[in-house]
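Student: Anchor point for the sequence shown: position 179 equals 182 in this note's numbering, and the numbering is continuous, going up by one each time.
Glycine is no exception: its CB is placed at the ideal position from the N, C-alpha and C atoms.
Let me give you the structure first, and then I'll get to my questions.
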Amino acid sequence: MELFKNDIEQILYDEHTIAKRVAELGAVISRDYEGKEVVVVSILRGSCIFTADLVRHLEFPVSLDFMALSSYGNGTTSTGQVQITKDLSCNIEGKHVLVIEDIMDSGNTLAYLMNVLLQRKPASIRLCTLLDNPARRQQKVEISYCGFQIPNAFVVGYGLDYAQYYRNLPYIGVLKESVYSGNL
Ligand code: IMP
Ligand code: MG
């Protein structure tokens, strides 16, 4: 894809690498949840593409629900303040819950979210994140399933955005600093 090519410093994971890893994750998760029913909670908007691909590799009954959280504004670093802008439509009490996120960075968003969901008394709760950027971590959150650990960089594509753009790139790439410098 040529779109936005000049804004990308480096492609970290191409389409095929992502597809292979998502299938691997799906196989592991399917083994772990064999015989169970699961509420998959997809965190909008970043994880929508990952979720759509991953759920098609899950071999157990899935009920899919969505939540939206905001913490970032248009910058590239976390504000540390999290808000639920769209809550779940279903009740998760007594259910097995698998949270799907695009990236764990500071951990602020997921620390807050996992805590909120735990208070609703699910039977179990686990987190699956496509990307993990451990260098920027501020709060410790347990990750059960992770696609890739990335080097410390701001990445876009495959659902991840900068100022709402780049989500439709089929690969995950490092955004050139010149695109966002002066805009933080
Ligand atoms: P955290 O609260 O710092 O862990 O950030 C969580 C959210 O920030 C993620 O769900 C993403 O939406 C966004 N985010 C963090 N790092 C990146 C990145 O490198 N590219 C795009 N979005 C990011
Ligand atoms: Mg997100």
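Report the rounded CA-to-CA distance for Gln152 versus Cys93, giving the unit in angstroms.
Tutor: Rounded to the nearest angstrom, the two C-alpha atoms are 31 Å apart.
Student: Is it the case that the Cβ atoms of Leu28 and Tyr174 are separated by a distance below 7 Å?
Tutor: No.
Student: Nearer than 6 Å: is that true of the beta carbon of Val158 relative to any heavy atom of the ligand IMP?
Tutor: Yes, Cβ of Val158 sits closer than 6 Å to a heavy atom of the ligand IMP.
Student: Quick one: is the Cβ of Ser184 within less than 6 Å of any heavy atom of the ligand IMP?
Tutor: Checking every heavy atom of the ligand IMP against the Cβ of Ser184, none is found closer than 6 Å.
Student: Please state the DSSP three-state secondary structure of Gly162.
Tutor: The answer is coil: DSSP assigns Gly162 none of H, G, I, E or B.
Student: For Leu163, tell me which candidate among Leu6, Lys23, Ala138 and Ile52 has the shortest Cα-Cα distance.
Tutor: Ranking the options by Cα distance to Leu163, first place goes to Ile52.
Student: Measuring straight from C-alpha to C-alpha, what distance separates Pro154 and Asp135?
Tutor: Taking the straight line from one Cα to the other gives about 9 Å.
Student: Could you tell me whether the Cβ atoms of Val100 and Val42 are closer together than 7 Å?
Tutor: Against a cut-off of 7 Å, the Cβ pair of Val42 and Val100 comes out as a contact.
Student: Run through DSSP, which three-state label would Ile11 get?
Tutor: Correct three-state label for Ile11: strand.
Student: In terms of DSSP beta bridges, what is Val31 paired with?
Tutor: Paired residues: none, contrary to the question.
Student: Considering only the alpha carbon of each residue, which of Tyr169, Asp105, Ser181 and Ser74 lies closest to Phe7?
Tutor: It is Tyr169.
Student: Grab me the residues of Lys179's own chain with a C-beta within less than 6 Å of its C-beta, minus the 5 sequence neighbours each way, in chain order.
Tutor: Result list for Lys179: Asp10 and Glu12, in chain order.
Student: In whole angstroms, what is the alpha-carbon distance linking Glu96 and Ile128?
Tutor: Approximately 11 Å, taken between the alpha carbons.
Student: Could you tell me whether the region 17-24 touches the region 33-50, where touching means 3 or more Cβ pairs closer than 8 Å?
Tutor: The region 17-24, when compared against the region 33-50, does not touch it at the 8 Å Cβ threshold.
Student: What residues are listed by DSSP as bridge partners for Met70?
Tutor: Paired residue(s): Ile46.
Student: Could you compute how far the alpha carbon of Phe69 sits from the alpha carbon of Glu104?
Tutor: Approximately 11 Å, taken between the alpha carbons.
Student: Is it buried or exposed for Gly49, if we count other Cβ within 10 angstroms and need 16 for buried?
Tutor: Per the 10 Å Cβ criterion, buried.
Student: Report the three-state DSSP secondary structure of Glu180 (helix, strand or coil).
Tutor: Glu180 falls in the helix class under three-state DSSP.
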